[in-house]
Amino acid sequence: VANLASTYWNQGRWHAAEELLVQVMETRKQKLGADHPSTLTSMANLASTCQNQGRWDVAEELELQVMETSKKMLGVGHLDTPTRMNNLAFTWKGQGRNAEAIKLMNQCVQLSRHILGVSHPHYISSSKTLAVWEAE
Numbered sequence: 008v009a010n011l012a013s014t015y016w017n018q019g020r021w022h023a024a025e026e027l028l029v030q031v032m033e034t035r036k037q038k039l040g041a042d043h044p045s046t047l048t049s050m051a052n053l054a055s056t057c058q059n060q061g062r063w064d065v066a067e068e069l070e071l072q073v074m075e076t077s078k079k080m081l082g083v084g085h086l087d088t089p090t091r092m093n094n095l096a097f098t099w100k101g102q103g104r105n106a107e108a109i110k111l112m113n114q115c116v117q118l119s120r121h122i123l124g125v126s127h128p129h130y131i132s133s134s135k136t137l138a139v140w141e142a143e
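Just so you know, we're using our numbering here: the sequence shown kicks off at 8 and counts up by one.
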């Protein structure tokens, strides 16, 4: 089901992808628990789908939960943490919450540099995004 949801997502079929992603997320919550990394990934994928539909409030709610749970369960220094921060920053930017988005993206860049290093593509991408946002 997750693969079909991914296919729909890649085709821009957001509603169809969302329906399947909700199923995947709920199943993983039941089978693995709400704090399991695979469940968190499902939630992040659903949040991304909501973001692509302009449903910023739903995306924010999911992303906050994913980011906070990831920090608690995996630790701030986990490889997934900067990605979770990046996603939430983009949602806040989409909501017009520019100052909050820039602050979080700055934290994301600093953490990415520490965890991933300056040559990692995620660090480079986040750094460029931060520079653009700060220049606006």
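Idealized CB from N, CA, C, for every residue including glycine. Note that this is a predicted model, so its numbers are computed, not measured.
At a Cβ-Cβ threshold of 8 Å, L137 and M112 count as neighbours. Under the three-state reduction of DSSP output, H22 falls in the helix class. Segment contact: the stretch 102–111 against the stretch 125–135, fewer than three CB-CB distances shorter than 8 Å; contact not assigned. Between the alpha carbons of L39 and S45 lies a gap of roughly 8 Å. Boundaries for S126: no alpha helix (DSSP H) harbours it, and the DSSP string shows neither H nor E there. Across the structure, R120 and R91 are spaced so that their CA atoms are roughly 15 Å apart. Looking at L71, G101, M32, the one whose alpha-carbon comes closest to that of W63 is G101. Annotation for N93: C115, S133 place their beta carbon closer than 6 Å to its own, counting only its chain and skipping 5 residues before and after. Annotation: the continuous alpha helix (DSSP H) that includes A12 extends over 9–17.
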